[in-house]
Amino acid sequence: MRLERDRRRYRTLLRAWPRAHRERYGTEMEEAFLALLRMDRERHGWPGALRCWIGAVVDAGVRGLGARMRWTMTGGEVMGSLGSDIRFALRALARRPVFALTAALTIAIGIGANAAVFTVVNGFMVKPLPYEDPDELLALYAGNPSLGWSGFDVNPPNIWDTRERASTIEDITLFNGDAHNLTGGDVPERLSAIRVTPNFFTLLGHEPVLGRDFRPDEIGEGRDRVAILTDGFWERRFARDRSVLGSVLMLDGEPVTVIGIMSPTFLFHDGPTDLYRPWGYDFTTLARDEHMANAIARMRDGSSIEAARADLQSVARQLEAEHPLNRGWTTEVAALRDDVVGEVAPAASVVLMGAVGFILLMACVNVANLLMARAGGRGREIAVRVALGAGRRRIVRQLLTESVVLAAAGGVVGAVGAVWGARAIVGGLPPSMPPVFDFRMDGTVLGFTIAITVGAAVLFGLLPAVTATSDQGGVLRDGGRAGRSRGARRFGGALVVVQTAMAVVLLVSGSLLMKSVAGMRAQDLGFLPENVVTARVAPPAGQYATADEVTVYWEAVTARVREVPGVVEAGTTQSHPLMGSNWSRSIRIAGQEAAEDDVRTVRLTVASTGLFEALRFRMVQGRTFDTGDAMDAPRVAIVNEAFVERYLGPDEAPLEQTLLGDGAWEASVIGVVHDVVERGVDAEPEPSMYLPMLQNPTRGRSLVLRAIGEPETVLDGVRAAVWSVDADIPLANVQTMEALIDDRVGGFAVIGYLMAAFAFLSLVLGAVGIYGVTAFAAGQRTAEIGVRIALGANRSDVVSMVVGDGARRAVLGLSIGLVLALATGRAMSSILVGVSPRDPLTFIGVTSVLAVVSWAGLWIPARRASRVDPVRALAAE
Amino acid sequence: MKPHWFHILLSLADSDLHGTAIMEEVLDRTDQQLRLWPGKLYGALREMTDAGLITEVDAPEGAPTEGGRRRFYSITRDGRLELTDEVERLAAIVRIAQAKGAGPSTA
Chain A
0 MRLERDRRRY
10 RTLLRAWPRA
20 HRERYGTEME
30 EAFLALLRMD
40 RERHGWPGAL
50 RCWIGAVVDA
60 GVRGLGARMR
70 WTMTGGEVMG
80 SLGSDIRFAL
90 RALARRPVFA
100 LTAALTIAIG
110 IGANAAVFTV
120 VNGFMVKPLP
130 YEDPDELLAL
140 YAGNPSLGWS
150 GFDVNPPNIW
160 DTRERASTIE
170 DITLFNGDAH
180 NLTGGDVPER
190 LSAIRVTPNF
200 FTLLGHEPVL
210 GRDFRPDEIG
220 EGRDRVAILT
230 DGFWERRFAR
240 DRSVLGSVLM
250 LDGEPVTVIG
260 IMSPTFLFHD
270 GPTDLYRPWG
280 YDFTTLARDE
290 HMANAIARMR
300 DGSSIEAARA
310 DLQSVARQLE
320 AEHPLNRGWT
330 TEVAALRDDV
340 VGEVAPAASV
350 VLMGAVGFIL
360 LMACVNVANL
370 LMARAGGRGR
380 EIAVRVALGA
390 GRRRIVRQLL
400 TESVVLAAAG
410 GVVGAVGAVW
420 GARAIVGGLP
430 PSMPPVFDFR
440 MDGTVLGFTI
450 AITVGAAVLF
460 GLLPAVTATS
470 DQGGVLRDGG
480 RAGRSRGARR
490 FGGALVVVQT
500 AMAVVLLVSG
510 SLLMKSVAGM
520 RAQDLGFLPE
530 NVVTARVAPP
540 AGQYATADEV
550 TVYWEAVTAR
560 VREVPGVVEA
570 GTTQSHPLMG
580 SNWSRSIRIA
590 GQEAAEDDVR
600 TVRLTVASTG
610 LFEALRFRMV
620 QGRTFDTGDA
630 MDAPRVAIVN
640 EAFVERYLGP
650 DEAPLEQTLL
660 GDGAWEASVI
670 GVVHDVVERG
680 VDAEPEPSMY
690 LPMLQNPTRG
700 RSLVLRAIGE
710 PETVLDGVRA
720 AVWSVDADIP
730 LANVQTMEAL
740 IDDRVGGFAV
750 IGYLMAAFAF
760 LSLVLGAVGI
770 YGVTAFAAGQ
780 RTAEIGVRIA
790 LGANRSDVVS
800 MVVGDGARRA
810 VLGLSIGLVL
820 ALATGRAMSS
830 ILVGVSPRDP
840 LTFIGVTSVL
850 AVVSWAGLWI
860 PARRASRVDP
870 VRALAAE
Chain B
0 MKPHWFHILL
10 SLADSDLHGT
20 AIMEEVLDRT
30 DQQLRLWPGK
40 LYGALREMTD
50 AGLITEVDAP
60 EGAPTEGGRR
70 RFYSITRDGR
80 LELTDEVERL
90 AAIVRIAQAK
100 GAGPSTA
């Protein structure tokens with residue numbers, strides 16, 4: 000099926016070559032191409048196939064047309080040579096510069112929009128990740144289907160066992176974000192680090208450009224005092240000084256030797272980082288329910304992701320049988336590329352490429368219409384040439400060459416514009432995006448642009464050329480006045496229908512997306528982000544060894560920060576909303592008729608006093624934490640509404656519940672809080688549990704504070720307050736809550752703005768198209784209208800006659816468009832948040848706007864037609 | 000000599016092949032780096048045949064011919080001479096480069 004389709008398509012491409020070459024080699028070229036396509040599709044899926052097709056189009060363009068040109072020049076058929084066609088086309092276009100400019104610019108808009116969007120899509124979807132054989136890499140997660148949990152961090156001992164047992168897997172690396180305080184300079188600096196297993200770089204296919212990689216035994220307590228620096232950090236802190244290699248950095252008061260420096264081309268998708276270090280402890284001794292690390296696996300050569308998934312799940316079942324804590328847990332597998340790209344980008348790519356495809360189609364339709372009008376004017380010229388013996392093929396070819404020249408001009412202008420357009424789109428992408436995507440233009444983009452340019456030329460050139468050369472006898476007989484056959488007029492009508500329909504689809508999808516973006520910003524987050532700023536602070540383990548010391552430090556910091564002028568409230572937490580951490584805990588609920596192993600998994604947040612107040616969490620029942628919830632007091636917990644809804648029955652009062660955990664741990668529920676958006680603005684709320692900091696102190700915390708006005712104004716005071724407790728501890732990741740939300744909404748916002756721009760463009764192109772078709776049709780009927788008026792027809796009769804035709808088509812276009820828009824809405828539902836794909840207001844709004852625009856496009860030319868002076872109209876006859 | 004001509008001659012150095020097999024052999028040998036698109040490949044095969052570097056031959060005994068459509072190519076004496084010249088030229092460059100301390104010394 001697919002093979003036959005590919006074969007047919009390639010045969011079309013083969014037509015670029017001269018017939019002699021095609022007859023001699025055609026079947027074999029077909030065979031060679033299909034072999035390439037099959038290979039690309041097997042290795043890289045549809046992006047590979049797309050790349051292969053683009054390559055084939057370029058191959059046909061360069062070699063096929065090239066051979067043709069040489070062939071026509073040397074083959075003796077001088078009349079048929081492409082070169083003279085092009086010269087002739089340029090002369091013909093130069094005679095009508097306004098027409099040529101309008102047409103080329105219209106095409107430039109269509110091609111520019113396509114090339115710009117495709118440049119970005121190419122970066123996301125087509126270019127490989129910057130690792131060796133990236134298609135062999137998998138992202139591993141832990142999931143518990145029986146609890147509906149998915150995408151959890153993995154458990155290191157389980158994964159290390161999996162590494163030994165899975166036969167489809169060549170190697171696995173485990174890594175985790177970490178941070179260090181670098182001291183010894185003027186100001187302490189908070190460095191972001193990634194703790195890795197020593198095989199990390201080898202697995203990704205990279206090695207330090209200076210120095211050496213980690214040795215296999217460099218892992219675990221005491222053996223982790225080595226670091227490999229990223230190029231960015233080396234540049235920023237050490238100005239690329241090579242003597243840094245072998246020097247010792249004081250990280251958290253511990254001497255760490257720099258053993259290597261990575262090349263600037265090494266980018267890791269987990270975000271920019273300063274340095275890499277091996278794990279600092281033996282992670283194989285962790286409990287089997289500690290889900291806390293990231294894993295990347297490399298498949299063995301020739302293994303498929305399906306085979307790897309089956310293999311890893313069977314290993315997970317073995318581990319489940321061996322360790323009771325693994326009950327219900329399995330290993331989830333995703334191609335690393337899909338994992339890094341995420342879910343929004345592919346859906347957005349389809350929607351945006353569809354939108355720009357429509358724009359290009361509309362541009363082509365408009366230019367086709369312009370060409371039709373012009374061909375009408377040239378009817379006589381063409382008819383004379385036919386009568387003098389020019390072959391029809393010859394003239395079609397000449398007219399098509401004009402189209403190609405127009406399209407090429409548009410393509411060049413569009414491609415230049417696309418460079419800026421793509422840069423603007425990339426500039427609008429959220430900063431949290433993985434830094435591994437390369438959005439520069441490359442051969443694929445160039446090939447794509449050439450392909451759509453040629454496609455556009457054929458699309459807008461072929462029909463006018465064919466209709467212009469049919470029925471030549473008639474043209475000469477009636478003196479070249481009509482110039483345009485009935486078929487051509489019907490075509491003009493069809494253009495109106497198609498354009499209206501496409502404008503509806505684009506306007507509806509653009510409006511839905513804008514609404515969705517606006518809705519995201521207005522969404523109830525469960526907290527108030529305005530005027531809130533957060534910073535990450537971590538007292539080093541060396542000086543603050545015990546829980547008591549940590550608590551004393553943090554109590555002092557919080558107290559001083561609260562005294563800073565402008566600070567309304569402050570608190571601390573191990574993970575604030577939208578930070579992206581996913582600590583979880585398995586608990587049971589006392590008294591519930593549940594089997595011993597029926598655990599409840601909850602998201603865990605540790606919160607100090609003041610945190611709920613600073614973020615303005617809303618309590619549904621009970622109280623927040625206070626200073627009484629200390630080490631010596633009974634253990635307490637707060638749960639959220641999702642917890643109550645999911646884990647408690649209707650007659651179980653939340654405030655009477657006791658939660659049971661590992662060992663003898665238990666806590667009574669003292670409050671229920673309204674759900675807070677933790678992961679992302681588009682994620683569902685999860686059952687969550689909050690524990691008081693005083694009873695569960697964590698060392699590294701986010702300081703969260705609410706200011707009276709702009710939060711930036713209090714930052715200096717806050718820094719001074721933190722350093723007044725310990726001057727060696729830096730503040731890291733200082734950011735406002737609103738910036739964090741922008742980051743999460745940002746990706747959607749770019750899509751929304753782009754779609755809005757495209758919708759506007761479609762409206763303009765549609766209006767121009769309708770106007771053009773109507774004006775042209777009315778112009779064609781000038782004589783007829785003149786006669787009607789001379790015979791006493793009312794001017795308003797003339798208006799309704801001209802409008803009536805177009806109005807029927809516009810209504811037809813609107814209806815088709817509405818049906819298509821419903822289908823498109825469904826396809827877009829994965830990137831719509833908080834708005835229904837069939838939102839009635841949007842549909843009504845778009846229909847009215849288009850109705851008004853189409854009516855204007857019809858009425859203006861109709862009115863002009865009704866003012867025809869009958870004497871002149873008839874005299875022109 | 001054009002790089003893709005060189006690679007085509009190299010594929011034919013030890014066996015007669017048809018077009019698709021040449022393409023696949025070059026792709027394998029260059030670690031997917033050099034891709035001979037059908038247009039480029041058959042353009043080259045045609046020009047190289049005209050230049051007398053290669054020649055069309057009957058399919059070898061037992062090779063699948065896909066219904067007689069596949070054309071097999073064999074390297075000619077001229078082709079082999081050109082190939083040897085090119086290899087010597089490349090080897091000379093490698094020697095010069097090594098003498099200047101560039102490139103792997105064990106090549």
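Listed in order, the protein sequences are those of chains A and B.
Counting from 0, one number per residue, gives the positions in the first sequence under numbering that gives the first Met the number 0.
Counting from 0, one number per residue, gives the positions in the second sequence under numbering that gives the first Met the number 0.
Beta carbons are placed, not taken as given, at the ideal position from N, Cα and C, and that holds for glycine.
Since the model is a prediction, treat every value here as computed from it, not as a measurement.
Subject >> For G259 of chain A, the residue or residues it bridges with in DSSP >> reply: Walking along the first sequence from the start, residue 259 of chain A turns up at place 260. Its beta-bridge partners are A:G210 and A:I227.
Subject >> Pair within 8 Å by beta-carbon distance, A294 of chain A and I171 of chain A >> reply: Position 295 of the first sequence holds residue 294 of chain A. Position 172 of the first sequence holds residue 171 of chain A. Between A294 of chain A and I171 of chain A, the C-beta gap is smaller than 8 Å, which places the two residues in contact.
Subject >> Chain-order list of residues whose beta-carbon lies under 8 Å from that of N368 of chain A (same chain, five-residue window excluded) >> reply: Mapped onto the first sequence, residue 368 of chain A falls at position 369. G491, L494, G768, G771, V772 and F775, listed in sequence order.
Original post:
With a cut-off of 8 Å, does the C-beta of G140 of chain B fall near any C-beta of chain A?
Top reply: Given that chain B is displayed from residue 0 to residue 106, the structure contains no residue 140 of chain B and the question cannot be resolved.
Original post:
Is the CB of M47 of chain B under 8 Å away from at least one CB in chain A?
Top reply: For the purposes of this step, residue 47 of chain B is identified with residue 48 of the second sequence, where counting begins at 1. By the rule that beta-carbons nearer than 8 Å mark a contact, M47 of chain B does not touch chain A.
**OP:** Could you check what DSSP says for T452 of chain A in three-state terms: helix, strand or coil?
**Re:** Here residue 452 of chain A refers to the residue found at position 453 of the first sequence. For T452 of chain A, the three-state secondary structure derived from DSSP is helix.
Original post:
Which ranges does the beta strand (DSSP E) cover as unbroken runs of at least 3 residues, wholly within the region 418-445 of chain A, from first to last along the chain?
Top reply: With a minimum length of 3 residues, no continuous beta strand (DSSP E) run stays inside the region 418-445 of chain A.
Original post:
When you compare only the Cα positions, how much space is there between A537 of chain A and E188 of chain A?
Top reply: For the purposes of this step, residue 537 of chain A is taken as the residue at position 538 of the first sequence. For the purposes of this step, residue 188 of chain A is taken as the residue at position 189 of the first sequence. One Cα belongs to A537 of chain A, the other to E188 of chain A, and the distance between them is close to 11 Å.
Original post:
Does the beta carbon of R69 of chain B sit closer than 8 Å to a beta carbon anywhere in chain A?
Top reply: Residue mapping note: residue 69 of chain B aligns to position 70 of the second sequence, counting from 1. With 8 Å as the cut-off, R69 of chain B counts as an interface residue toward chain A.
Subject >> Backbone CA spacing between V733 of chain A and V532 of chain A [nearest angstrom] >> reply: The residue labelled residue 733 of chain A in the question sits at position 734 within the first sequence. The residue labelled residue 532 of chain A in the question sits at position 533 within the first sequence. Roughly 7 Å between the two C-alpha positions.
Original post:
What's the gap between the Cα of A138 of chain A and the Cα of F151 of chain A?
Top reply: Position 139 of the first sequence, counting from 1, holds the residue named residue 138 of chain A. Position 152 of the first sequence, counting from 1, holds the residue named residue 151 of chain A. Rounded to whole angstroms, A138 of chain A to F151 of chain A spans 11 Å at the Cα level.
Original post:
Would you say W36 of chain B faces chain A, with C-beta separation under 8 Å as the test?
Top reply: Your numbering for residue 36 of chain B matches position 37 in the second sequence. Taking CB atoms only, W36 of chain B has a neighbour in chain A less than 8 Å away.
Subject >> Exposed unless 16 or more other CB atoms sit within 10 angstroms - verdict on G82 of chain A >> reply: Along the first sequence, one-based indexing puts residue 82 of chain A at 83. Classification of G82 of chain A: exposed, given that the 10 Å Cβ count is below 16.
Subject >> Residue range of the alpha helix (DSSP H) that includes A864 of chain A >> reply: For the purposes of this step, residue 864 of chain A is taken as residue 865 along the first sequence, with counting starting at 1. Taken as a continuous stretch (DSSP letters only), the alpha helix (DSSP H) holding A864 of chain A covers P839 to S865.
Original post:
Taking Cβ to Cβ, would you say T330 of chain A is nearer than 8 Å to Q317 of chain A?
Top reply: Within the first sequence, residue 330 of chain A is the residue found at index 331, counting from 1. Within the first sequence, residue 317 of chain A is the residue found at index 318, counting from 1. For the pair T330 of chain A and Q317 of chain A, the CB atoms are not nearer than the 8 Å cut-off.
Original post:
Would you say E27 of chain A faces chain B, with C-beta separation under 8 Å as the test?
Top reply: On the first sequence, position 28 is the one that residue 27 of chain A refers to. At a cut-off of 8 Å between beta carbons, E27 of chain A contacts chain B.
Subject >> Sequence-distant residues of the same chain with beta carbon closer than 6 Å to A666 of chain A, five excluded per side >> reply: As a first step, residue 666 of chain A is located in the first sequence; it is residue number 667 there, counting from the start. Shown here for A666 of chain A: same chain residues with a beta carbon closer than 6 Å to its own, the five before and five after excluded, namely R634, V635, A636 and L658 in chain order.
Original post:
When we look at the beta-carbon of M618 of chain A and count the other beta-carbons within 10 Å, is it buried (16 or more) or exposed?
Top reply: Numbered from its first residue, the first sequence carries residue 618 of chain A at position 619. So M618 of chain A ends up on the exposed side.
Subject >> Contact set between D58 of chain A and chain B, taken where Cβ atoms lie within less than 8 Å >> reply: Working through the first sequence from its first residue, we reach residue 58 of chain A at position 59. Here the neighbours are W36, P37, G38 and K39.
Original post:
In whole angstroms, what separates the C-alpha of A66 of chain A from that of V411 of chain A?
Top reply: For this step, residue 66 of chain A is matched to residue 67 along the first sequence. For this step, residue 411 of chain A is matched to residue 412 along the first sequence. Here the C-alpha atom of A66 of chain A lies approximately 23 Å from the C-alpha atom of V411 of chain A.
Original post:
Along the chain, where does the beta strand (DSSP E) that runs through Q734 of chain A open and close?
Top reply: Mapped onto the first sequence, residue 734 of chain A falls at position 735. Boundaries of the beta strand (DSSP E) around Q734 of chain A: A731 to T735.
Subject >> P263 of chain A versus F174 of chain A: straight-line alpha-carbon distance, rounded >> reply: By one-based count along the first sequence, residue 263 of chain A stands at place 264. By one-based count along the first sequence, residue 174 of chain A stands at place 175. About 21 Å.
Original post:
When the Cα atoms are used, what is the spatial distance from I707 of chain A to V563 of chain A?
Top reply: For the purposes of this step, residue 707 of chain A is identified with residue 708 of the first sequence, where counting begins at 1. For the purposes of this step, residue 563 of chain A is identified with residue 564 of the first sequence, where counting begins at 1. The C-alpha of V563 of chain A is placed about 11 Å away from the C-alpha of I707 of chain A.
Original post:
By Cβ distance below 7 Å, which residues in the same chain neighbour T443 of chain A in space, the five residues on each side in sequence not counted?
Top reply: For the purposes of this step, residue 443 of chain A is taken as the residue at position 444 of the first sequence. Closer than 7 Å at the Cβ level, and outside the excluded window around T443 of chain A, lie R50, I53, N121 and V125.
Subject >> Reduced DSSP secondary structure (H/G/I, E/B, other) of E171 of chain A >> reply: Indexing the first sequence from 1 puts residue 171 of chain A at position 172. Rather than Glu, the amino acid found at residue 171 of chain A in this sequence is Ile. In the structure shown, I171 of chain A sits in a strand (DSSP, three-state: E or B).
Original post:
For S761 of chain A, does the count of other Cβ atoms within 10 angstroms reach 16, so buried, or fall short, so exposed?
Top reply: Counting from one through the first sequence, the residue named residue 761 of chain A turns up at place 762. Counting Cβ neighbours within 10 Å, S761 of chain A comes out buried, since at least 16 surround it.
Original post:
Out of B:M47, B:R76, B:L80 and B:F71, which has the shortest C-alpha to C-alpha gap to D57 of chain B?
Top reply: Mapped onto the second sequence, residue 57 of chain B falls at position 58. For the residues B:M47, B:R76, B:L80 and B:F71, the minimum Cα distance to D57 of chain B belongs to B:F71.
**OP:** Tell me R189 of chain A's beta-bridge partners as DSSP assigns them.
**Re:** In the first sequence, the residue the question calls residue 189 of chain A occupies position 190. Per DSSP, A:N180.
Subject >> Cβ neighbour criterion (16 or more within 10 Å) applied to E87 of chain B >> reply: What you label residue 87 of chain B is simply residue 88 of the second sequence in a count that begins at 1. Under a 10 Å Cβ-count criterion, E87 of chain B is classified as exposed, with fewer than 16 other Cβ atoms of the shown protein chains found around its own Cβ.
Original post:
Apart from the five residues on each side of it in sequence, which residues of its chain come closer than 8 Å, Cβ to Cβ, to P133 of chain A?
Top reply: Along the first sequence, one-based indexing puts residue 133 of chain A at 134. Counting only Cβ-Cβ distances below 8 Å, and skipping sequence neighbours, we find P127, L335 and R336.
**OP:** Return no unless some Cβ of chain B is closer than 8 Å to the Cβ of Y24 of chain A.
**Re:** In the first sequence, counting from the first residue as 1, residue 24 of chain A sits at position 25. Closer than 8 Å to some Cβ of chain B, the Cβ of Y24 of chain A qualifies, so yes.
Original post:
Are the region 857-874 of chain A and the region 42-52 of chain B touching by the rule of at least three beta carbon pairs closer than 8 Å?
Top reply: No, because fewer than three Cβ pairs between the region 857-874 of chain A and the region 42-52 of chain B fall closer than 8 Å, the two stretches do not touch.
Subject >> Residue environment, T600 of chain A, which counts as buried when at least 16 other CB atoms sit within 10 Å >> reply: Locating residue 600 of chain A in the first sequence gives position 601, counting from the first residue. By the neighbour-count rule (16 or more Cβ atoms within 10 Å), T600 of chain A is buried.
Subject >> Stretch-stretch touch, CB-based, cutoff 8 Å, three pairs: the region 515-531 of chain A with the region 775-791 of chain A >> reply: Because the criterion of three Cβ pairs below 8 Å is not met, the region 515-531 of chain A and the region 775-791 of chain A do not touch.
**OP:** Establish whether the CB of T19 of chain B and some CB of chain A are separated by less than 8 Å.
**Re:** Start at 1 with the first residue of the second sequence, and residue 19 of chain B comes out as number 20. Contacts with chain A at 8 Å (Cβ-Cβ) include T19 of chain B.
**OP:** Over the uninterrupted alpha helix (DSSP H) stretch that includes V339 of chain A, give me the two end residues.
**Re:** Taking the first residue of the first sequence as position 1, residue 339 of chain A is located at position 340. First-last of the alpha helix (DSSP H) with V339 of chain A: L335 to V340.
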